[in-house]
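In what follows, a structure is listed as structure tokens, so that the remarks can point back to it.
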Amino acid sequence: MRKLILLLILAISLMGQSAYYRLGYGDIFPTTDVLGSSLGHGVVALDDSNRVTTHNPAALTSSSRVHFGVSLGSEFRSIDNIVSNTTRLEHLFVSLPLGKRIGMSLGTNAVADFASDYEASLDMGAFSEQSSGGIWDFHIGMGYSLSPVIKLGLKLHTFQGQLRRETMILSDDIQELYVIKGDISGKSIEAGVISNVREKVSLGLTVNIPYDKPTLSGHDSLAGSSVFTEIEEEMDAWPSTIKLGVIYHHSKTMNFTAGIAQQLFTESGFDEARVFALPAGWKTVPVASFQLAMQKLPTDRTSRYWTKRTGWQTGVSIKNYYLSPASENMIYEYSLISGVNLDLRNGRSLFEISGEFGSRGGDESLPDELFTRMKLGIQINDMWFKKVKRR
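When you line the sequence shown up against my numbering, it's residues 126 to 516, in that order.
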């Protein structure tokens with residue numbers, strides 16, 4: 126028993142040497158679709174009748190067509206010259222107008238990923254841990270055009286997910302496999318507004334507050350036996366989020382955007398955690414992020430030349446991580462963001478691709494991390510299902 130306790134203490138102290146997303150909740154995705162990843166939080170102020178964004182429910186009134194959208198994401202991480210990759214479906218939605226002033230959307234997107242694989246070898250044995258699962262956000266939103274200059278929106282979110290974690294302890298005296306598995310559920314509400322404060326300036330604001338924080342309900346069991354303990358653990362540190370976007374419409378085809386966001390985590394959110402526990406000396410900190418970007422809109426969406434139907438955006442992003450060693454400064458992320466989109470001449474489809482390359486600063490507790498994110502997306506509208514009149 127003494128060897129087992131010592132082994133666990135040493136192994137847990139070494140967990141800080143793995144990737145950042147191995148800690149706490151895993152990797153929480155700030156944006157999941159193509160446009161948001163390449164434009165930053167300034168996208169919450171975007172109101173474009175030729176495309177649909179679900180970042181701000183107030184923007185749902187901008188289109189008079191039914192739109193379908195889907196996006197895929199792939200992320201590469203490099204830590205100590207070891208590269209890992211995660212590829213997944215990230216975003217799926219449908220939006221439809223309910224009148225001249227009301228729009229609605231239904232959708233889902235990935236918000237957290239628990240995938241991790243950790244091993245530690247010690248003189249008196251070995252410790253390994255493997256986690257899988259994640260959390261998806263299912264949402265329904267509505268937007269209302271209060272006036273030509275003000276639009277309002279409301280969105281309800283339901284979180285659904287699963288977690289499975291297997292912990293193996295090997296030593297001369299013991300070989301045990303412990304399994305934690307369960308379902309996760311929770312709810313939040315989001316409110317948004319878009320205002321055209323001047324002829325060339327648009328403001329967007331969203332506030333997302335979890336009124337029922339995600340809760341894990343499941344079992345902690347010893348594999349190969351009927352011994353188990355029921356788990357009911359609330360993710361108390363799940364964040365509330367505020368996003369503010371500003372767009373300066375320089376011309377009909379050029380926008381300059383700025384976006385800031387604040388994620389507020391409960392400081393003591395992990396103190397009583399059993400499953401989502403942090404290594405000793407770590408704490409949660411508020412996340413502040415800031416982006417500047419330039420957006421070039423297509424010159425002519427119906428042109429026979431694809432160059433005139435192509436738009437792009439590019440910018441920079443800086444943010445701090447939501448976890449930090451208590452004895453160190455905050456960990457920052459710096460990245461370049463960019464994206465390209467192409468409209469089909471018939472006005473039925475929009476193809477998008479975005480890329481992000483950045484680094485997450487290391488300290489004495491964790492190594493430097495490089496990451497690259499690529500996203501592919503497509504939007505189609507109900508023009509595909511309408512018959513074309515021919516003369």
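Cβ atoms here follow ideal geometry from the backbone N, Cα and C, with glycine treated the same way.
Which residues DSSP lists as bridging residue i, in chain order
i, result
"H282", "H264 and S313"
"P423", "Looking at the DSSP assignment, P423 forms no beta bridge with any residue, so it has no partner."
"A183", "None; A183 has no bridge partner."
"A251", "S246 and L295"
"W437", "K421 and V465"
"R485", "E458 and E494"
"D308", "Q287 and S342"
"G232", "F218 and H264"
"Y303", "T292 and L347"
"Y269", "I227 and L277"
"N445", "Y457"
"G480", "S463 and M499"
"V99", "With the chain covering 126 to 516 only, the question about residue 99 has no answer from this structure."
Residue range of the unbroken beta strand (DSSP E) whose run includes residue i
i, result
"L469", "Looking at the DSSP string, L469 is not in any beta strand (DSSP E), and its letter there is neither H nor E."
"N506", "E494 to N506"
"S449", "L448 to P450"
Residue-chain proximity (residue i, chain B), Cβ-Cβ < 8 Å
i, result
"I260", "Among the chains in the structure shown there is no chain B, since it carries only a single protein chain."
Nearest residue (CA-CA) to residue i, options the options
i, options, result
"M517", "K444, L461, G464 and I462", "With the chain represented from 126 up to 516, any question about residue 517 goes unanswered, as that position is not in the structure."
"T432", "L461, Q438, Y457 and N466", "N466"
"R470", "S351, R429 and W437", "R429"
"L539", "H192, G232, E355 and V236", "Outside the shown range of the chain (126 to 516) lies residue 539, about which nothing can therefore be said."
"L171", "K368, I462, T391 and V400", "K368"
"R226", "L288, T186, M293 and G464", "T186"
"Y303", "L214, V400, S460 and E215", "V400"
"E358", "D396, N321 and T331", "D396"
"S365", "L347, P335 and A402", "P335"
"T233", "I207, S449, D262 and S246", "D262"
"T179", "S189, S449 and G268", "G268"
"L448", "L389, N181, L417 and Q438", "L389"
"L281", "G486, N181 and S246", "N181"
"G224", "S189, I505, D242 and I275", "S189"
"R434", "M229, G440, S246 and D425", "D425"
"S174", "G394, L217 and G228", "G228"
"F284", "A402, D238 and G436", "D238"
Unbroken alpha helix (DSSP H) run spanning residue i, endpoints
i, result
"V159", "V159 to L164"
Measuring CB atoms only, is the segment 157-166 touching the segment 194-209, in the sense that at least three cross pairs come out at less than 8 Å? yes
Hey, is the segment 401-410 in contact with the segment 370-389, meaning 3+ C-beta pairs nearer than 8 Å? no
Going along the chain, which unbroken runs of the beta strand (DSSP E) with 3 or more residues stay wholly within the segment 321-359? 326-347 and 353-359
Which whole runs of the beta strand (DSSP E) in the segment 352-418 are 3 residues long or more, in chain order? 353-359, 365-376, 379-389 and 407-409
Which complete beta strand (DSSP E) runs does the segment 193-229 hold, if anything under 3 residues is left out? 207-222
Could you tell me whether the segment 335-344 touches the segment 303-320, using the rule of 3 or more Cβ pairs below 8 Å? yes
Are there three or more Cβ pairs, one per stretch, closer than 8 Å when the segment 493-501 is compared with the segment 201-211? yes
Do the segment 353-371 and the segment 323-335 meet, that is, are 3 or more Cβ pairs less than 8 Å apart? yes
Between the segment 282-299 and the segment 250-267, do three or more beta carbon pairs fall short of 8 Å? yes
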